[in-house]
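To keep things clear, I will list the structure first and then write my remarks on it.
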Amino acid sequence: MDVIVLGGGLMGTASALFLARRGVRVTLIERRRIGAGATVASFGNIRRSGRHLSQLPLAARSLAIWNEAERLLERDVEFRATGHLRLIFDEDGLEDMKGYAEAARPLGLTLEELTPGDLRQRFAGLGPDAIGASFSPNDGSANPRLIAPAFADAAARAGAQIVDQCPVQTIRHSAAGFALDTGKGVYEAEVLLNCAGAWGDAIAAEFGEPVPMESRGPQMAVTEPIAHRILPVVGVWARPHGAYLRQVERGNVVFGGAVERVHVAREPGFAHADPARLPEQVAAVLRMVPALRDVAVIRQWSGCEGYVADNLPVISASGTTPGLFHAFGFCGHGFQLGPGVGDAMAELIATGRCETPLEDFSITRFAA
Ligand SMILES: Cc1cc2nc3c(=O)[nH]c(=O)nc-3n(C[C@H](O)[C@H](O)[C@H](O)COP(=O)(O)OP(=O)(O)OC[C@H]3O[C@@H](n4cnc5c(N)ncnc54)[C@H](O)[C@@H]3O)c2cc1C
Numbered sequence: 001m002d003v004i005v006l007g008g009g010l011m012g013t014a015s016a017l018f019l020a021r022r023g024v025r026v027t028l029i030e031r032r033r034i035g036a037g038a039t040v041a042s043f044g045n046i047r048r049s050g051r052h053l054s055q056l057p058l059a060a061r062s063l064a065i066w067n068e069a070e071r072l073l074e075r076d077v078e079f080r081a082t083g084h085l086r087l088i089f090d091e092d093g094l095e096d097m098k099g100y101a102e103a104a105r106p107l108g109l110t111l112e113e114l115t116p117g118d119l120r121q122r123f124a125g126l127g128p129d130a131i132g133a134s135f136s137p138n139d140g141s142a143n144p145r146l147i148a149p150a151f152a153d154a155a156a157r158a159g160a161q162i163v164d165q166c167p168v169q170t171i172r173h174s175a176a177g178f179a180l181d182t183g184k185g186v187y188e189a190e191v192l193l194n195c196a197g198a199w200g201d202a203i204a205a206e207f208g209e210p211v212p213m214e215s216r217g218p219q220m221a222v223t224e225p226i227a228h229r230i231l232p233v234v235g236v237w238a239r240p241h242g243a244y245l246r247q248v249e250r251g252n253v254v255f256g257g258a259v260e261r262v263h264v265a266r267e268p269g270f271a272h273a274d275p276a277r278l279p280e281q282v283a284a285v286l287r288m289v290p291a292l293r294d295v296a297v298i299r300q301w302s303g304c305e306g307y308v309a310d311n312l313p314v315i316s317a318s319g320t321t322p323g324l325f326h327a328f329g330f331c332g333h334g335f336q337l338g339p340g341v342g343d344a345m346a347e348l349i350a351t352g353r354c355e356t357p358l359e360d361f362s363i364t365r366f367a368a
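Mapped onto the working numbering, the consecutive letters of the sequence shown carry residue numbers 1 to 368.
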């Protein structure tokens, strides 16, 4: 079987590796540099708490791969299972956390529920006025700049052809199945996997499968480096957008959330952070870690991500076209899922079935 993977972000590169490991002939085509879409812009959170419950089996499959990433990719992608601490500042947050913890437990995610006393004892300096917190000890973070190139290099070692700086211009049906006209010639294959991120809905629409999706950019920033004191990733149980932060081993504190995501024009798809929103983010961050008061913010950025109207990704076979598969529209939470998505898509394409439930993510949910 020949497969073309369209899109060289985390989803495409992980799919390419797992397809190649199953003995499938794979060509991955990326219009820019590998990983230069939403993936490189990510905060790097490997978080399960608060995730839509239907995603937890896939998130568990993914976490198992993150735990093996260094061996699998033959490189340190800075995955660290430091734990994910989620602070609670009000009664709504407490109610959300308790309801979620109960519903997630049978699905394999156990959250430790911390009182203010536990929090002060175990995580001094984090959320001093919080009324509680949840802690998910096996979650953590990884480096978004390293992950897609690491998957692409591993896929190439496993036999995949990786073609970057190669925009796919048109897609036609051919005797082989699909023919893609690109900046570097025509590529043909029996199977096409659409991993085009925020641009994936345009490809689906070409096959008569419109998806209600818009492009938006979460707003991120980073501080100057300071002594390394914050071990877990820290978030907030808040509606609608809680802030989140983590300190990288070099000492910089990366943060995001707390504000509306910026609108991004799909072409060229470069997202710009809005400096006017920074003070609101900083206020939310200081409530989480007051000791950051005098630390300088040195850079802001954003990235172009596809948000589907029901806030769930599209991960499925096409409903209209045999041989076509989709994995796009990850709504700002695809970083954790990426390795699991690649593994699941490879299983689905190579065997026609997937042991992880994916029904809620089928593109056919929009067919009506
Ligand atoms: C600022 C930001 C912070 C985030 N933080 C987190 C987080 O902390 N945790 C989390 O779980 N998720 C997070 N996410 C979401 C996560 O990064 C994404 O869901 C994930 O990276 C999506 O991967 P992807 O491969 O689907 O998309 P992308 O990385 O965007 O890859 C799609 C690729 O397709 C290529 N492409 C598109 N059209 C064509 C074409 N015609 N020809 C060739 N190539 C094409 C694009 O160039 C692009 O490289 C964040 C996202 C952003 C933007």
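Backbone N, C-alpha and C define an ideal beta-carbon position, used for all residues, glycine too.
query, result
"Since Trp-301 sits in a beta bridge, which residues does DSSP pair it with?", "Met-220"
"Give me the Cα-Cα distance between Met-97 and Ala-103, rounded to the nearest whole angstrom.", "10 Å"
"Quick check on DSSP: helix, strand or coil for Arg-172?", "strand"
"Pick from Gly-50, His-84, Gly-9, Pro-268: whose alpha carbon is nearest that of Arg-122?", "His-84"
"Starting from the C-beta of Val-295, find all residues in its chain whose C-beta is less than 8 Å away, skip the five residues before and the five after it, and write them out in chain order.", "Thr-223, Glu-224, Ile-226, Val-253"
"Looking at Asn-45 and ligand 1, is the gap between the Cβ and the nearest heavy atom below 7 Å?", "yes"
"Check Leu-312 in the structure and name its three-state DSSP category.", "coil"
"Who are Glu-49's beta bridge partners in DSSP?", "Correcting the residue type first, residue 49 is Ser in the shown sequence and not Glu. Ser-49 pairs with nothing; no bridge assigned."
"Does the beta-carbon distance from Arg-61 to Gly-340 come in below 8 Å?", "yes"
"Straight-line CA distance for Leu-28 to Leu-19?", "11 Å"
"To the nearest angstrom, report how far apart Phe-135 and Leu-337 are at their CA atoms.", "19 Å"
"Between the beta-carbon of Ile-46 and the beta-carbon of Ala-142, is there less than 8 Å?", "yes"
"For Ser-134, list the residues DSSP reports as bridge partners.", "Arg-86, Glu-113"
"Check this for me: beta carbons of Thr-320 and Glu-209, under 8 Å apart or not?", "yes"
"So who's on the other strand from Cys-179, going by DSSP bridges?", "The sequence as given places Ala at residue 179; Cys does not occur at that position. In the DSSP output, where bridge partners are listed per residue, Ala-179 has Arg-172, Glu-188."
"For the beta strand (DSSP E) containing Asp-383, name the first residue and the last one.", "The displayed coordinates of the chain run from 1 to 368. Any statement about residue 383 would go beyond what the structure contains."
"Let me make sure I understand the geometry here. Which of Gly-256, Leu-6, Thr-364, Phe-366 has the alpha-carbon closest to that of Asp-181?", "Leu-6"
"Could you spell out the range, first to last residue, of the alpha helix (DSSP H) harbouring Ile-349?", "334 to 351"
"Rounded to the nearest angstrom, what separates Asp-43 and Gly-257 at their Cα positions?", "It is worth fixing the name first, because residue 43 is Phe in this sequence and not Asp. Near 10 Å, if we compare the C-alpha coordinates of Gly-257 and Phe-43."
"Thinking C-alpha only, which one of Ala-176, Leu-193, Val-191, Pro-167 is nearest Lys-184?", "Pro-167"
"From Gln-219 to His-272, what does the alpha carbon distance come to, in whole angstroms?", "8 Å"
"How far does the beta strand (DSSP E) with Phe-256 in it reach, from first residue to last?", "In the sequence on display, residue 256 carries Gly and not Phe. Element bounds for Gly-256: 253 to 257."
"Of the choices Leu-312, Gly-334, Pro-279, whose alpha-carbon is the least far from that of Pro-144?", "Gly-334"
"Taking the straight line between their C-alpha atoms, what separation do you get for Arg-293 and Val-40?", "28 Å"
"Just how far apart, CA to CA, sit Val-24 and Pro-357?", "23 Å"
"Please list the terminal residues of the continuous beta strand (DSSP E) segment that includes Arg-25.", "25 to 29"
"Quick check on Leu-231: does DSSP put it in helix, strand or coil?", "coil"
"Alpha carbon to alpha carbon, how far is Val-262 from Ala-175?", "43 Å"
"Alpha carbon to alpha carbon, how far is Ala-309 from Pro-212?", "6 Å"
"Do you know whose CA, among Ala-196, Ser-318, Val-234, lies nearest Gly-370's CA?", "Past the boundaries of the shown model lies residue 370; the chain is included only from 1 to 368, so the question cannot be answered."
"Ala-196: beta carbon under 7 Å from a heavy atom of ligand 1?", "yes"
"Could you tell me if the beta carbon of Thr-170 falls within a distance shorter than 7 Å of some heavy atom in ligand 1?", "no"
"Going by DSSP, what residue range makes up the beta strand (DSSP E) through Ile-369?", "Any question about residue 369 goes unanswered here, given that the chain covers just 1 to 368."
"Under 6 Å Cβ to Cβ from Arg-22, same chain only, skipping five residues before and after it: list those, please.", "Ala-346, Ala-350"
"Can we count Met-11 as close to ligand 1, meaning its CB is less than 7 Å from some heavy atom?", "yes"
"Count the C-beta pairs between the region 235 to 247 and the region 187 to 206 that are closer than 8 Å, then say yes if the count reaches three, no if not.", "no"
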